[in-house]
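Numbering (the UniProt record's numbering), first residue to last: 1 to 294.
Ideal Cβ positions, reconstructed from N, Cα and C, are used throughout, including at glycine.
Keep in mind the model is a prediction, meaning the values are calculated, not measured.
Working notes for the structure below.
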């Protein structure tokens with residue numbers, strides 16, 4: 001990496017930001033669920049996986065354009081997220097040791113969805129073509145239009161999430177629920193509706209990331225678990241429950257991974273991410289934007 005030409009170095013930085021923006025979307029969903037419900041969703045990776053398969057089905061089997069297939073795929077994953085919350089999570093809320101029960105329940109959902117995808121689509125990897133072909137040269141950097149489009153979509157999605165959380169009644173209800181569930185209920189907030197919608201939105205964010213990365217990475221029944229674990233790394237790095245932390249953490253992991261891969265090899269990708277996780281837990285376990293417990 002030290003002998004790398006400067007334009008190529010910055011090109012890889014941008015590629016890392018693009019990858020990291022997708023990690024940020026996945027981690028943002030995990031952050032929303034943790035911040036609102038204080039639970040870990042082990043089915044989150046399968047929402048990502050379903051987003052990829054729905055997108056593949058719409059593009060390759062039904063002949064939809066990418067512009068139409070993306071919102072439809074995201075909507076389908078949103079509905080799956082709502083269903084998972086109502087069927088597998090909602091009945092357990094408020095019961096003794098419900099945090100552990102919901103963890104086991106979402107793990108069961110993860111296994112079910114993974115095997116359902118394996119039964120429906122088989123074990124062969126699927127691919128979809130680029131939405132937009134071509135590259136652009138900027139100060140010696142060669143950037144693909146596809147990756148620039150992915151970055152633009154990620155920025156729009158993050159701005160939309162900021163608006164939703166800060167400028168809408170639902171966002172106010174979500175933040176109130178996250179701060180004090182009982183107080184929010186006293187003020188008339190339907191916290192169980194907030195929980196359900198939060199699950200759907202988190203699933204939709206994972207589905208969006210899948211539609212963006214499906215033209216770069218292959219689609220398979222096992223694609224969700226690595227992204228979910230990467231999402232947990234990002235959440236811990238950024239700070240539990242911190243939406244800005246999820247964004248910054250995702251970008252940091254994306255850049256570190258990209259530079260690490262071109263310095264060594266792609267086989268080191270997962271090692272790099274979990275090395276970062278170990279270092280975080282060692283030196284700053286509360287994350288970048290997290291608050292240290294007294």
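Report task. Compute the distance between the beta-carbons of residue 130 and residue 215, then report whether it is under 8 Å. Result -> What you label residue 130 is simply residue 130 of the chain shown in a count that begins at 1. What you label residue 215 is simply residue 215 of the chain shown in a count that begins at 1. Yes. Within cutoff.
Query raised in the report: Which same chain residues, not among the five before or five after residue 213, have their C-beta less than 6 Å away from its C-beta?
Result: Within the chain shown, numbered from 1, the residue matching residue 213 stands at position 213. Taking residue 213 as the centre and dropping the five residues before and after it, the same chain places the C-beta of 22 closer than 6 Å to its C-beta, in chain order.
Query raised in the report: Can you give the beta carbon distance from residue 30 to residue 232, rounded, assuming they're within the 8 Å contact cut?
Result: The residue you call residue 30 lines up with position 30 of the chain shown. The residue you call residue 232 lines up with position 232 of the chain shown. Contact between residue 30 and residue 232 holds, since their C-beta atoms are separated by about 7 Å, short of 8 Å.
Query raised in the report: Unbroken alpha helix (DSSP H) runs of length 4 or more, entirely within the stretch 151–216: which are they?
Result: Counting only runs of at least 4 residues, the stretch 151–216 fully encloses the following alpha helix (DSSP H) elements, listed from N- to C-terminal order: 169–179, 181–186 and 191–213.
Query raised in the report: On the premise that residue 51 lies in contact with residue 73, defined as a C-beta separation below 8 Å, what is that separation, rounded to the nearest angstrom?
Result: The count along the chain shown starts at 1 and reaches residue 73 at position 73. The count along the chain shown starts at 1 and reaches residue 51 at position 51. About 6 Å separates the CB atoms of residue 73 and residue 51; that is less than 8 Å, so the two are in contact.
Query raised in the report: Which ranges would you report for the alpha helix (DSSP H) in the stretch 81–151 if only whole runs of at least 4 residues count?
Result: Uninterrupted alpha helix (DSSP H) stretches at least 4 residues long and entirely within the stretch 81–151 occur at 98–121, given in chain order.
Query raised in the report: In three-state DSSP terms, what is residue 219?
Result: As a first step, residue 219 is located in the chain shown; it is residue number 219 there, counting from the start. The DSSP-derived three-state label of residue 219 is strand.
**Report entry** Helix, strand or coil at residue 39 according to DSSP, with G and I counted as helix
**Finding:** Counting from 1 along the chain shown, the entry for residue 39 is found at position 39. In the three-state reduction of the DSSP assignment, residue 39 falls in the coil class.
Query - Check whether residue 199 and residue 118 have beta carbons under 8 Å apart - result: Here residue 199 is taken as the residue at index 199 of the chain shown, counted from 1. Here residue 118 is taken as the residue at index 118 of the chain shown, counted from 1. No, the pair does not count as a contact, with Cβ atoms beyond the cut-off.
Query raised in the report: What distance in whole Å lies between the Cβ atoms of residue 289 and residue 218, which are believed to be in contact at a cut-off of 8 Å?
Result: As a first step, residue 218 is located in the chain shown; it is residue number 218 there, counting from the start. As a first step, residue 289 is located in the chain shown; it is residue number 289 there, counting from the start. Approximately 33 Å separates the beta-carbon atoms of residue 218 and residue 289; this is outside 8 Å, ruling out the contact.
Query - Presumed contact (8 Å Cβ cut-off) between residue 202 and residue 33, rounded CB distance - result: Locating residue 202 in the chain shown gives position 202, counting from the first residue. Locating residue 33 in the chain shown gives position 33, counting from the first residue. Indeed they touch by this definition, with Cβ atoms about 5 Å apart.
Report task. Counting only the same chain and skipping the five closest in sequence on each side, list residues whose C-beta sits under 7 Å from that of residue 171. Result -> Here the question's residue 171 lines up with position 171 in the chain shown. So the list reads 164 and 165, once near-sequence residues are dropped.
Report task. Return the CA-CA distance between residue 65 and residue 230, expressed in angstroms with no decimal places. Result -> For the purposes of this step, residue 65 is identified with residue 65 of the chain shown, where counting begins at 1. For the purposes of this step, residue 230 is identified with residue 230 of the chain shown, where counting begins at 1. C-alpha separation (whole angstroms): 30 Å.
Query raised in the report: Quick one, are the C-beta atoms of residue 7 and residue 207 less than 8 Å apart?
Result: Within the chain shown, residue 7 is the residue found at index 7, counting from 1. Within the chain shown, residue 207 is the residue found at index 207, counting from 1. Contact check for residue 7 against residue 207 fails: the beta carbons are separated by 8 Å or more.
**Report entry** Outcome for residue 12 when other beta-carbon atoms lying within 10 angstroms are tallied against a minimum of 16
**Finding:** If you number the chain shown from 1, residue 12 lands on position 12. Answer is buried; the Cβ neighbour count reaches 16.
Query raised in the report: Expressed to the nearest angstrom, what Euclidean distance is found between the alpha-carbon atoms of residue 97 and residue 154?
Result: Indexing the chain shown from 1 puts residue 97 at position 97. Indexing the chain shown from 1 puts residue 154 at position 154. Those two C-alpha atoms are separated by around 36 Å.
Report task. Have a look at 262, 205, 204 and 173 and flag the residue whose alpha-carbon is nearest the alpha-carbon of residue 192. Result -> Here the question's residue 192 lines up with position 192 in the chain shown. Of 262, 205, 204 and 173, the residue nearest in Cα terms is 173.
Query raised in the report: Taking C-beta to C-beta, are residue 113 and residue 14 nearer than 8 Å?
Result: In the chain shown, the residue the question calls residue 113 occupies position 113. In the chain shown, the residue the question calls residue 14 occupies position 14. With contacts defined as CB atoms closer than 8 Å, residue 113 and residue 14 fail to qualify as a contacting pair.
Report task. Reducing DSSP to helix, strand and coil, say where residue 56 ends up. Result -> Looking up residue 56 in the chain shown gives position 56. In the structure shown, residue 56 falls within a helical segment according to DSSP collapsed to helix, strand and coil.
Report task. Quick one: measure Cβ to Cβ for residue 42 and residue 101, integer angstroms, because I've assumed they're closer than 8 Å. Result -> Position 42 of the chain shown, counted from the first residue, corresponds to residue 42. Position 101 of the chain shown, counted from the first residue, corresponds to residue 101. About 12 Å separates the beta carbon of residue 42 from that of residue 101, a gap too long to meet the 8 Å contact definition.
Requested in this report: Give a yes or no on whether the C-beta atoms belonging to residue 254 and residue 245 are separated by under 8 Å.
Outcome: As a position in the chain shown, residue 254 is number 254, starting the count at 1. As a position in the chain shown, residue 245 is number 245, starting the count at 1. The Cβ-Cβ distance between residue 254 and residue 245 does not fall below 8 Å.
Query raised in the report: In whole angstroms, what is the alpha-carbon distance linking residue 147 and residue 156?
Result: Counting from 1 along the chain shown, the entry for residue 147 is found at position 147. Counting from 1 along the chain shown, the entry for residue 156 is found at position 156. The C-alpha of residue 147 lies about 14 Å from the C-alpha of residue 156.
Query - First and last residue of the uninterrupted alpha helix (DSSP H) at residue 253 - result: Position 253 of the chain shown holds residue 253. Element bounds for residue 253: 243–263.
Query raised in the report: Of the choices 107, 80 and 285, whose alpha-carbon is the least far from that of residue 228?
Result: Counted from its first residue, the chain shown places residue 228 at position 228. Nearest of 107, 80 and 285 to residue 228, Cα basis: 107.
Report task. Look up residue 284 in the DSSP assignment and say whether it is helix, strand or coil. Result -> For the purposes of this step, residue 284 is taken as the residue at position 284 of the chain shown. The three-state reading of DSSP puts residue 284 in coil, since its state is none of H, G, I, E or B.
Report task. Within the same chain, show all residues whose beta-carbon is closer than 6 Å to that of residue 56, passing over the 5 residues directly before and after it, in chain order. Result -> Numbered from 1 along the chain shown, position 56 holds the residue referred to as residue 56. Cβ within range, chain order: 126, 128 and 219.
Query raised in the report: Assuming residue 48 contacts residue 210 under a Cβ cut-off of 8 Å, what Cβ separation, rounded to an integer in Å, is found between them?
Result: Taking the first residue of the chain shown as position 1, residue 48 is located at position 48. Taking the first residue of the chain shown as position 1, residue 210 is located at position 210. Right, the Cβ-Cβ distance comes to about 5 Å (below 8 Å), so this counts as a contact.
Query raised in the report: Would you report the Cα separation of residue 160 and residue 167, rounded to the nearest angstrom?
Result: One-based indexing of the chain shown puts residue 160 at position 160. One-based indexing of the chain shown puts residue 167 at position 167. Approximately 10 Å, taken between the alpha carbons.
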